[in-house]
Amino acid sequence: MPPGLFTVLATLILAQLGWCIVVSLYRLFFHPLAKIPGPRLAALTSCYEFYYDVIQPGRYIWKIKSLHEQYGPIIRVTPREVHIKDLDFLDTIYPSSNMHKRDKDWVQTRGLDVGMSASGTIPHELHRRRREALRPFFSQKNVLTLEPLIRNKVSQLCTFLEESDGPVNLYDLYYALARDVVFQYSFGKDSNVLGDVGEAAILRKNLTQLLRGVKVTKHLHLLFRCIKSLPVSIAKYIMPRGVRNMKDLTISIRSEIECVLADTTNSQISSQRSIFYELRDNPALPASEKSASRLQQEGTLLVMAATESTAKAIGVTHFHLLANPTILSKLRAELKMTTNPSILELQRLPYLSAVCNEGVRLSFGLTGRNARIAPDENLQYRQWTIPAGTPMSMVTLCIHTDENIFPDPWRFDPDRWLGAAGKERMRYQYGFGKGGRKCLGIELANAELFLTIATVVRYDMKLFKTDVSDVEFRHDFQVAHSKLDSQGIRAVVKGNSW
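Right, here's the structure in full:
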């Protein structure tokens with residue numbers, strides 16, 4: 199090697215080493231978060247997070263939970279982020295009032311390429327504007343107008359159950375139902391995935407693989423951005439399956455968005471105006487907010503969120519009912535006292551409400567570290583100052599398994615939601631998030647959950663090669679995932695109980 203080249207290489211190596219030493223010293227001793235408790239390795243490098251997120255995988259929030267037992271209620275979980283396990287601080291991290299600005303953490307948006315969607319938007323004010331454009335579609339009043347659509351899909355599901363002659367995968371069915379509802383409401387057409395359970399199984403598997411790749415994409419985002427920039431003919435051979443599934447989903451949603459934008463005759467199937475037709479024609483939105491690219495990301499996240507989370511809540515609830523005959527009998531007794539109740543009437547039934555709340559609790563909703571940043575104010579937690587610009591989070595796992603609020607937290611117990619104590623516990627129902635960025639689709643998800651559960655419990659079913667490990671929260675891939683080789687919730691339909 200020529201002496202000059204050796205000198206250059208040695209200089210570069212020494213410079214890199216020196217930079218690493220300086221950064222390490224800064225993070226450990228001089229960073230604004232240096233006095234926050236936590237493992238030194240987590241403060242030093244994101245490789246600590248990478249190990250539990252990717253290598254384990256999806257287990258960092260369990261590690262965080264155990265770290266709190268060692269270090270106390272506030273810990274530094276990455277070089278720039280703190281996690282707080284204190285339910286009294288929940289409203290400070292996720293305030294409902296818009297007077298307290300909370301930006302999203304840009305690092306945690308890297309796993310999914312949906313930064314132009316309302317939920318993926320980082321700045322507080324831009325998020326508010328985008329959310330306000332969507333909010334009317336998800337009000338209780340508007341969701342209740344979808345009752346005929348939801349009932350039609352539930353009826354279609356029941357027909358499948360009655361005609362089945364072997365084990366059925368309930369997760370596939372609930373995924374198909376939720377997808378059909380949100381698809382028709384969004385784009386004005388019935389995708390009828392529920393009419394082809396084989397397709398439903400493929401689509402659900404694709405989404406599962408997509409979500410399982412989110413942690414890898416988040417940590418290796420530069421690599422995946424380079425891969426995605428390659429021509430499709432080349433990229434498809436080296437692109438991980440989760441990334442390919444995300445690309446396929448966005449392409450299909452882009453096609454629907456372009457159909458809406460090009461449909462000047464408004465030839466949608468549904469007589470009800472759908473979300474993206476309304477957004478297209480909204481005179482208050484600037485053209486930039488109605489571009490195909492932005493609406494594609496809005497549609498992608500909307501379809502993903504409204505299918506996976508809703509299907510999981512219905513599936514987890516139904517599993518626990520089938521696994522607990524006493525609870526199922528009690529629910530049936532309450533439902534038999536009603537005659538063709540509406541969704542609104544179902545939501546007023548105390549025991550059904552308790553069952554559904556417990557199902558939402560144990561499905562956990564958005565499970566990742568959904569961090570918020572106070573951009574303009576320092577926050578004080580006990581003796582620690584959280585500087586402005588610091589990502590801070592509180593994960594659903596720590597909230598929904600807090601034994602002071604939910605004794606014996608992994609047990610399915612609807613009674614915990616009854617009476618005055620149950621009403622008080624609603625403050626800690628985090629399945630749909632909290633604050634100004636909480637899930638927009640709460641009313642829609644609840645409408646599907648209540649009506650579906652109230653209907654399917656009339657069928658006598660027996661679980662087939664399915665146990666609690668098929669629904670128990672074991673891996674965090676943005677939403678709760680059970681054991682990695684789970685086949686879903688399978689059951690055999692034995693008949694109609696009434």
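In the working numbering, the protein residues as written are 199 to 696.
Beta carbons are placed, not taken as given, at the ideal position from N, Cα and C, and that holds for glycine.
Contact check between the stretch 409 to 423 and the stretch 305 to 317: three or more CB pairs, one atom from each, fall below 8 Å, which counts as touching. Between Val593 and Leu560, the alpha-carbon positions lie close to 14 Å from each other. The alpha-carbon separation between Arg580 and Ile234 amounts to approximately 11 Å. In this chain, the beta strand (DSSP E) harbouring Ile584 covers Trp582 to Ile584. If you draw a straight line from the Cα of Thr508 to the Cα of Ile449, it is about 23 Å long. The continuous stretches of alpha helix (DSSP H) do not include Val312, and DSSP gives it neither H nor E. By the Cβ criterion, the stretch 624 to 641 is in contact with the stretch 503 to 520, since at least three pairs of Cβ atoms, one from each stretch, lie closer than 8 Å.
A direct Cα-Cα distance of roughly 47 Å separates Glu543 from Thr583. With 16 or more other Cβ atoms inside 10 Å of its own Cβ, Gln306 counts as buried. Annotated three-state conformation of Ile273 is strand, per DSSP. Judged by DSSP secondary structure, Arg688 falls within the beta strand (DSSP E) whose first and last residues are Arg688 to Asn694. Shown here, Ile234 sits in coil according to DSSP, grouped into three states, outside any helix or strand.
Pairing Arg274 with Leu231 gives a Cβ-Cβ distance under 8 Å. Nearest to Ile272 by C-alpha distance, out of Ser591, Cys218, Cys245 and His325, is Ser591.
Note that the C-beta distance between Leu409 and Val677 is below 8 Å. Counting only runs of 4 or more residues that sit fully inside the stretch 213 to 270, the alpha helix (DSSP H) segments are 238 to 242, 245 to 248 and 258 to 269, in chain order.
Annotation: the continuous alpha helix (DSSP H) that includes Tyr549 extends over Pro548 to Ser561. Around the beta carbon of Trp615, 16 or more other beta carbons lie within 10 angstroms, which makes this residue buried. Taking a cut-off of 8 Å on C-beta distances, the stretch 597 to 617 touches the stretch 544 to 557, as three or more cross pairs fall below it. Look at Arg442 here: in three-state DSSP terms it is helix.
Counting every other CB atom within 10 Å of its CB across the protein chains shown gives Ser317 a total of 16 or more, marking it as buried. Pairwise C-beta distances place the stretch 403 to 417 out of contact with the stretch 485 to 498, as fewer than three of them are shorter than 8 Å. By the criterion of a C-beta distance shorter than 6 Å, Val669 is surrounded in its chain by Val514, Phe517 and Ser680, once the five residues flanking it on both sides are discounted. For Lys660, the uninterrupted beta strand (DSSP E) segment begins and ends at Tyr657 to Leu661.
One Cα belongs to Phe610, the other to Ile455, and the distance between them is close to 41 Å.
Residue environment analysis places Arg635 among the buried positions, since at least 16 neighbouring C-beta atoms fall within 10 angstroms of its C-beta.
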